[in-house]
Ligand SMILES: Cc1ncc(COP(=O)(O)O)c(C=O)c1O
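Numbering (this note's numbering), first residue to last: 277 to 687.
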């Protein structure tokens with residue numbers, strides 16, 4: 277097979293910044309040139325799932341030509357096939373101002389790849405204290421032995437006093453993992469830009485649908501596609517989307533690290549992406565309904581949800597985000613982790629398990645001990661995290677009401 281059309285070109289739709297949010301989701305990443313096989317005069321809707329390690333070339337000359345431009349078509353399986361390219365093109369188009377996207381076998385791998393693209397020995401990283409715990413562990417246990425120091429900063433702090441001459445990257449995550457603090461992303465970006473420091477944002481909670489991170493000036497928009505984009509709790513994947521300034525370096529570092537994803541998972545993620553807007557709308561609205569109900573419950577001390585008007589992050593959330601996803605938490609007034617089985621074990625509609633962002637609701641007791649160093653790990657009580665799915669919110673509320681009755685009956 278000879279050289280085929282450029283992987284990034286030929287999609288229908290011509291997605292532009294002015295196209296509506298859900299139209300973009302439908303039209304993006306549909307690589308016309310690849311959904312019409314050779315000799316086919318009609319196209320199919322979705323990209324085929326192209327499995328490949330070896331690519332066969334017609335001649336040595338064709339192989340040598342491909343070697344000169346390995347990014348311009350099929351070359352070797354690790355560089356992807358049209359299935360992965362379609363997803364990459366879609367994720368890039370969904371972030372106005374972005375130049376390209378790379379895929380990774382998990383969200384954690386994506387965070388690691390973004391950091392490794394920027395930092396070298398002797399550099400310093402600022403990481404938000406409320407980052408996902410494995411991001412913290414990557415800084416402490418992987419970057420530190422390489423001679424890269426990390427300072428953890430409170431999510432709402434002015435980062436200026438913490439900067440050092442060797443600070444190269446600032447990692448943001450907003451809202452923060454487990455405790456949901458909202459950061460002033462534009463303010464941090466402004467400080468970083470003045471000093472030529474790269475900003476990397478874990479944007480998994482909002483996705484670019486609710487917070488287009490690149491548009492807000494962030495250099496690297498990271499997503500665990502495992503969550504909302506996949507949306508069906510059946511795949512692991514991460515992505516990093518970046519600007520023209522960093523795109524070449526991200527590609528090179530990711531290539532050197534050998535990162536790639538399988539075409540079946542890329543296909544599932546692309547399929548999930550088509551309904552991301554609808555799912556976020558529904559899950560976000562249901563989560564807010566459940567959060568409001570919990571706020572009025574006598575067993576609940578606080579609800580950690582930035583879309584609630586009395587949340588400390590509400591003003592920033594309202595200014596910067598266009599909606600809410602379905603993940604939040606609440607703090608119980610009394611009791612400890614050992615008491616939470618009474619609440620959780622007999623729920624009819626909530627699964628007990630890690631991860632979030634799928635179509636099904638999940639519940640998990642969580643603790644901040646050991647994963648906060650710049651802020652207090654004491655939330656004032658046991659935290660319970662909820663990932664709200666596509667069920668009827670009335671069923672979820674009835675379930676939680678019964679669970680909280682069981683919980684309270686212990687005291
Ligand atoms: C905010 C956040 N970022 C990244 C990840 C990592 O994603 P993955 O599990 O795909 O490695 C998670 C997983 O829970 C997460 O919650």
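Even glycine gets a Cβ: it sits at the ideal position worked out from N, Cα and C. Predicted, not measured: the structure shown is a model, and the values here were computed from it.
By the 10 Å Cβ neighbour count, where 16 or more other Cβ atoms means buried, how is residue 503 classified, buried or exposed?
Position 227 of the chain shown, counted from the start, is the residue given in the question as residue 503. By the neighbour-count definition (other C-beta atoms within 10 Å, threshold 16), residue 503 is a buried residue.
Is it buried or exposed, residue 660, if we count other Cβ atoms within 10 angstroms and call 16 or more buried?
Counted from its first residue, the chain shown places residue 660 at position 384. With a 10 Å radius around the Cβ and a threshold of 16 neighbouring Cβ atoms, residue 660 comes out buried.
For residue 641, does the count of other Cβ atoms within 10 angstroms reach 16, so buried, or fall short, so exposed?
Counting from 1 along the chain shown, the entry for residue 641 is found at position 365. So residue 641 counts as buried.
Considering only their Cβ atoms, is the gap separating residue 371 from residue 451 smaller than 8 Å?
Residue numbering aside, residue 451 sits at position 175 when the chain shown is read from its first letter. Residue numbering aside, residue 371 sits at position 95 when the chain shown is read from its first letter. No. Outside cutoff.
Taking 8 Å as the limit between beta carbons, can you name the residues of its chain near residue 534, skipping five residues before and five after?
Taking the first residue of the chain shown as 1, we reach residue 534 at position 258. Cβ neighbours of residue 534 beyond the five flanking positions: 354.
Buried or exposed by the 16-neighbour rule on C-beta atoms within 10 Å, applied to residue 601:
Residue mapping note: residue 601 aligns to position 325 of the chain shown, counting from 1. A buried status is given to residue 601, since no fewer than 16 other beta-carbon atoms sit within 10 Å of its beta-carbon.
Bridge partners for residue 471 per DSSP, in chain order?
Counted from its first residue, the chain shown places residue 471 at position 195. Per the DSSP secondary-structure output, residue 471 pairs with nothing in a beta bridge.
Within its chain, find whatever has a CB closer than 6 Å to the CB of residue 483; leave out the 5 residues flanking it on each side and keep chain order.
Here residue 483 is taken as the residue at index 207 of the chain shown, counted from 1. Excluding residues within five positions, the ones whose Cβ falls inside 6 Å are 504.
DSSP-derived helix/strand/coil call for residue 408
Taking the first residue of the chain shown as 1, we reach residue 408 at position 132. Coil at residue 408, not helix or strand.
Could you name each continuous alpha helix (DSSP H) segment of 4 residues or more that falls completely within the stretch 514–590, going from the start of the chain to the end?
The qualifying runs are 520–533, 539–550, 552–571.
CA-to-CA distance, residue 357 to residue 225, given in whole angstroms:
Outside the modelled stretch of the chain, which goes from 277 to 687, sits residue 225, for which no answer is possible.
Would you grab the beta carbon distance between residue 516 and residue 496 for me? Rounded to a whole angstrom, and I think it's under 8 Å.
Within the chain shown, the letter at position 240 stands for residue 516. Within the chain shown, the letter at position 220 stands for residue 496. Indeed they touch by this definition, with Cβ atoms about 6 Å apart.
As assigned by DSSP and simplified to three states, the class of residue 643
The residue given as residue 643 occupies position 367 in the chain shown. It is coil, neither helix nor strand.
According to DSSP, is residue 504 helix, strand or coil?
Within the chain shown, the letter at position 228 stands for residue 504. Coil.
I need the boundaries of the beta strand (DSSP E) containing residue 661, first residue and last residue.
One-based indexing of the chain shown puts residue 661 at position 385. Per DSSP, residue 661 belongs to the beta strand (DSSP E) from 659–663.
Three or more C-beta pairs below 8 Å linking the stretch 406–417 and the stretch 434–443:
Under the 8 Å Cβ criterion, the stretch 406–417 does not count as touching the stretch 434–443, having fewer than three qualifying pairs.
With residue 635 and residue 662 assumed to form a contact (beta carbons below 8 Å), what rounded beta-carbon distance in angstroms separates them?
Position 359 of the chain shown, counted from the start, is the residue given in the question as residue 635. Position 386 of the chain shown, counted from the start, is the residue given in the question as residue 662. Contact between residue 635 and residue 662 is absent: CB atoms are separated by about 14 Å, not below the 8 Å threshold.
With H, G and I counted as helix, E and B as strand and the rest as coil, what does DSSP make of residue 464?
Within the chain shown, numbered from 1, the residue matching residue 464 stands at position 188. Residue 464 carries a helical assignment under DSSP once its states are collapsed to helix, strand and coil.
So, with DSSP's three-state summary, where would you put residue 677?
Your numbering for residue 677 matches position 401 in the chain shown. It is helical.
Straight-line Cα distance separating residue 464 from residue 429
Residue numbering aside, residue 429 sits at position 153 when the chain shown is read from its first letter. Residue numbering aside, residue 464 sits at position 188 when the chain shown is read from its first letter. CA-CA distance, residue 429 to residue 464, rounds to 12 Å.
Among all the DSSP beta bridges, which residues are the ones paired with residue 429?
As a first step, residue 429 must be located in the chain shown, where it is residue number 153. Per DSSP, 404.
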